[in-house]
Amino acid sequence: MIVGGDHQILALLLFSAFVAATLAITTWVSRNRRGSAEEFYTGGRLFSPMENGFAIAGDYMSAASFLGISGLIALFGYDGMLYSVGFLVAWLVVLLLVAELVRNCGRFTLADVVAARMSERPVRIAAGTSSVTVSVLYLVAQMVGAGSLVALLLGGTGDAARSWTVIGVGALMVVYVSLGGMRATTWIQIVKAVLLMAGTITLTVLVLLRFHGDINLLLNSAAEHSGHGKEFLSPGLKYGGDWTARCDFISLGLALVLGTAGLPHILARFYTVPTARAARRSVVWSIGLIGGFYLMTIVLGFGAAALVGSAEVKASNPAGNTAVALLAYNLGGGAGSTGGTVLFAVVAAVAFATILAVVAGITLASSASVAHDLYASLRRRHAKQRSEVAVARVAAVGIGAVAIALGLLARDLNVAFLVGLAFAVAASANLPVLLYSLFWRNFTTRGAVWSVYGGLIPALVLVMVSPVVSGSPESLFPGVDFQFFPLQNPGLVSIPLGFLAGWLGTVTSGDMPDEAKNAETEVRALTGAGAV
Amino acid sequence: MDEQEGRDPAAARIDDPWYDALASGWGELDGETVPATVPAQHDGDGEERLSPAEIYLEVHRSAAFQEVRRRYRRFVVPAVLAFFAWYLAYVIAAVGAPGLMARPVAGAVNVAMVAGLAQFLTTFLLTWAYARHARLRRDRAALELRWVVFEQNQQNNPPRDGPNPQAEQGRGSRWIGGQGTTRETNR
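As they're listed, the protein sequences go chains A and B.
First residue of the first sequence: 1, per the UniProt record's numbering; consecutive thereafter.
First residue of the second sequence: 1, per the UniProt record's numbering; consecutive thereafter.
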């Protein structure tokens with residue numbers, strides 16, 4: 001990796017400016033807060049669809065997409081595109097089935113939607129647990145991303161810098177969340193989304209200019225410099241091997257498209273707008289932004305292959321995470337040039353900002369699950385009643401600590417893989433229960449509880465016994481071998497299990513469907529009657 | 001109600017379902033909206049009062065609501081099946097028929113590339129179609145039903161001590177799960 005002192009300093013300056021700006025936002029929006037739960041979890045529900053659309057896009061476009069997807073495309077060509085396509089198509093599930101109905105039926109969290117027509121306590125505990133699990137997995141992915149970004153920036157100097165980055169990111173996000181709540185978090189997402197889009201558009205335009213707008217030339221050049229020739233542009237380089245690799249591809253594809261609708265921090269965003277119509281319009285905004293962004297990551301990926309070359313990308317980082325940074329260096333004029341230094345610093349700062357913002361969004365959503373779902377259900381009846389918001393602030397600190405610890409532990413895992421895993425768990429544990437309770441009138445409490453645990457436990461267990469954890473040179477514990485599930489991504493098995501468990505639980509429980517509750521749920525979901 | 005700084009306070013009247021003005025514009029299919037022929041309005045005094053659960057049941061049975069639900073489902077079910085099948089076909093073709101996907105179309109662009117970009121295109125198109133359908137065919141009727149429920153609740157279950165001062169606490173327990181009100185009226 002080419003490292004000059006200049007771009008480090010410049011990147012740090014830019015990043016410090018972002019941190020200063022976001023801290024200023026946090027102070028500004030919380031200057032006369034009233035400490036209500038409504039304000040802390042939803043920012044008062046008064047964001048406009050456009051603001052919320054940008055914030056959703058900011059929450060969703062993580063560093064894994066910016067760095068990871070372009071890197072995968074730079075290394076494996078067409079096979080990396082699956083991430084881009086899956087991440088976008090997933091929004092159709094959100095738009096058509098989830099966004100409006102969740103806005104109408106819920107208040108702060110996923111569990112609100114499910115618990116509305118069931119016996120509250122067990123359902124809340126189940127949904128809260130799975131939400132926190134998904135959030136922590138996703139958080140760890142972002143923390144690991146922050147760590148490797150800094151390693152790249154400082155030229156791989158020392159583990160200490162990496163660890164301190166993870167700790168620093170964790171501490172900052174705790175400050176944002178516990179002081180600023182949803183209002184600060186949302187503004188940070190908006191700022192970050194604008195920065196990320198601006199950075200991506202700049203790089204894309206530069207790539208296209210370099211090839212005089214000739215896509216054909218870009219693709220041919222990418223194929224040529226990838227070392228794979230024409231195969232680079234067609235499926236099979238990464239996932240074309242034996243049937244396990246192919247099943248893994250399908251499993252990942254399923255997890256990507258079904259996971260988004262079960263991500264707690266995405267669901268929480270729909271509560272920040274006043275109505276279901278506003279929620280729909282914010283999703284339309286975010287689909288436009290996210291679609292444009294992922295189209296550009298494809299250009300950047302092929303551009304990195306064409307201009308930098310797959311071999312050099314791989315030499316810099318085997319997972320390809322540095323492809324965009326190297327591309328920026330190249331586009332600016334190459335090593336030592338001012339343009340290269342500036343562009344590189346911009347990319348690094350944008351990636352940092354991205355990680356920080358995403359991390360803040362997830363922390364807020366999971367602290368809401370802890371305080372609103374778990375604490376409220378598990379608190380001993382006669383214990384002193386604390387304000388829910390106070391609990392949420394403490395939970396944000398706790399979750400931050402857990403994420404920092406896990407992020408330090410898991411720092412050698414691939415970022416895109418960790419994200420895929422979080423999506424698989426979200427799709428297995430959260431999506432079935434959400435869809436059943438919105439659309440199946442006979443769904444019962446037992447069905448809800450079974451469907452959460454029936455998706456969550458298989459997903460986690462299958463990862464434990466997969467080659468990710470043991471039994472292969474790249475796994476977490478390469479020394480031991482207790483692997484017997486061949487796929488890296490559990491989605492193909494655990495998502496159907498989640499749906500099956502929900503169905504089984506419902507048909508075996510003797511509960512009679514409560515007609516009045518069903519009527520209320522349906523009317524409220526589709527009309528918004530009685531929505532907060 | 002928390003008000004965000006710098007916002008028009010009028011925009012904050014969430015209790016009033018009408019405040020969310022409908023988008024009007026070209027292509028508004030006005031004639032096709034469903035009249036909200038819900039339920040006879042009950043006078044607040046005199047006869048027995050309807051509990052919130054009964055109000056929801058009544059609205060649920062009304063033709064207007066059934067029509068809103070039918071319109072929603074008739075768009076969403078086929079749309080979800082279609083895009084999901086198309087996405088699965090795309091994923092499975094990549095591993096099942098790599099030969100087909102590698103077939104060149106024009107220059108360096110092959111079938112796989114075209115299919116990937118077509119996924120983007122269909123996503124954008126379906127988003128537009130859904131938003132348009134919801135705006136023109138569903139929003140108005142849904143808003144009218146929301147208003148009906150709101151009014152009937154006001155008539156049948158007037159807030160006991162005037163507008164609730166702790167708006168947030170009150171709204172929360174009144175609406176979410178509906179248990180707050182149910183308990184109160186059944187007492």
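We treat Cβ as the ideally placed atom computed from N, Cα and C, and that holds for glycine.
For A/Ser509, the CB contacts under 8 Å within the same chain, skipping 5 residues up- and downstream, are Thr444, Thr445, Arg446, Gly447 in chain order. Taking 8 Å as the CB threshold, A/Tyr375 stays off the interface with chain B. DSSP places A/Pro264 within a helical segment (H, G or I) once states are collapsed to three.
Annotation: the continuous beta strand (DSSP E) that includes B/Ala106 extends over 104-106. By the C-beta criterion, the stretch 176-184 of chain A is judged to be in contact with the stretch 22-32 of chain A, since at least 3 inter-stretch pairs fall below 8 Å. Under the DSSP definition of a beta bridge, B/Asn110 partners with B/Pro104.
Restricting attention to A/Leu456, A/Asp79, A/Leu300, A/Gly236, the CA atom closest to the CA of B/Pro98 is found in A/Gly236. Of the candidates A/Thr363, A/Ser65, A/Ile266, A/Ser119, the residue whose Cα lies closest to the Cα of A/Val93 is A/Ile266. About 7 Å separates the beta carbons of A/His225 and A/Ser310, which is inside the 8 Å limit, making them a contact pair.
The three-state secondary structure of A/Ser470, taken from DSSP, is strand. CA-to-CA, the gap between A/Leu456 and A/Tyr138 works out to about 15 Å. By the criterion of a C-beta distance shorter than 8 Å, A/Val347 is surrounded in its chain by Gly199, Leu203, Val324, Ala325, Ala328, once the five residues flanking it on both sides are discounted. Per DSSP, reduced to three states, the secondary structure at A/Phe443 is coil, with no helix or strand assignment. Check the Cα spacing between A/Cys105 and each of A/Ala315, A/Phe439, A/Ala371, A/Val397: the tightest is with A/Phe439. Residue pairing by DSSP puts A/Phe477 in a beta bridge opposite A/Ser470. Sequence-distant partners of A/Leu233 (beyond 5 residues in either direction) whose C-beta falls short of 7 Å from its own C-beta, in its chain, are Gly77, Tyr78, Leu219, Ala223.
Residue contact with chain A for B/His60: present (Cβ-Cβ distance below 8 Å to some residue of chain A). Listed in chain order, the positions of the stretch 134-164 of chain B with a beta carbon within less than 9 Å of a beta carbon of chain A are Ala134, Arg135, Arg138, Asp139, Ala141, Ala142, Leu143, Glu144, Leu145, Arg146, Trp147, Val148, Val149, Phe150, Asn153. Taking the beta carbon of B/Val68 as reference, the chain A residues within 9 Å of it are Leu526, Thr527, listed in sequence order.
Counting every other CB atom within 10 Å of its CB across the protein chains shown gives A/Trp450 a total of 16 or more, marking it as buried. Residue environment for A/Asp159: exposed (fewer than 16 other C-beta atoms within 10 angstroms of its C-beta). With fewer than three CB-CB distances shorter than 8 Å, the stretch 342-356 of chain A does not count as touching the stretch 81-88 of chain A.
Scanning chain B for C-beta atoms nearer than 9 Å to the C-beta of A/Glu522 yields Tyr56, His60, Phe65, Arg69, reported in chain order. For the stretch 219-248 of chain A, the beta-carbon criterion of a distance under 7 Å to any beta-carbon of chain B is satisfied by Leu219, Asn220, Ala223, Leu233, Ser234, Pro235, Gly236, Tyr239, Gly240, Arg246. Residue-level contact by beta carbon fails for A/Val114 and chain B, as no gap is shorter than 8 Å. Under the 10 Å beta carbon count, A/Ala368 is surrounded by 16 or more other beta carbons and is classified as buried.
Annotation: the stretch 362-434 of chain A contains the following complete segments of the alpha helix (DSSP H) (minimum length 4 residues), in chain order: 388-409, 415-425.
Residue-level contact by beta carbon fails for A/Asn442 and chain B, as no gap is shorter than 8 Å. The contact set of A/Asn489 on chain B, defined by CB atoms closer than 9 Å, is empty, because the minimum CB distance reaches about 12 Å. Between the stretch 64-83 of chain B and the stretch 134-141 of chain B, the count of C-beta pairs closer than 8 Å reaches three or more; the two stretches touch. Of all C-beta pairs linking the stretch 416-424 of chain A to the stretch 239-257 of chain A, three or more are shorter than 8 Å, placing the two stretches in contact.
Here the stretch 182-193 of chain A makes contact with the stretch 48-68 of chain A; the two share three or more CB pairs at distances below 8 Å. In terms of Cα proximity to A/Leu295, the closest of A/Ile201, A/Tyr375, A/Thr275 is A/Ile201. With contacts defined as CB atoms closer than 8 Å, B/Val95 and A/Ile250 qualify as a contacting pair.
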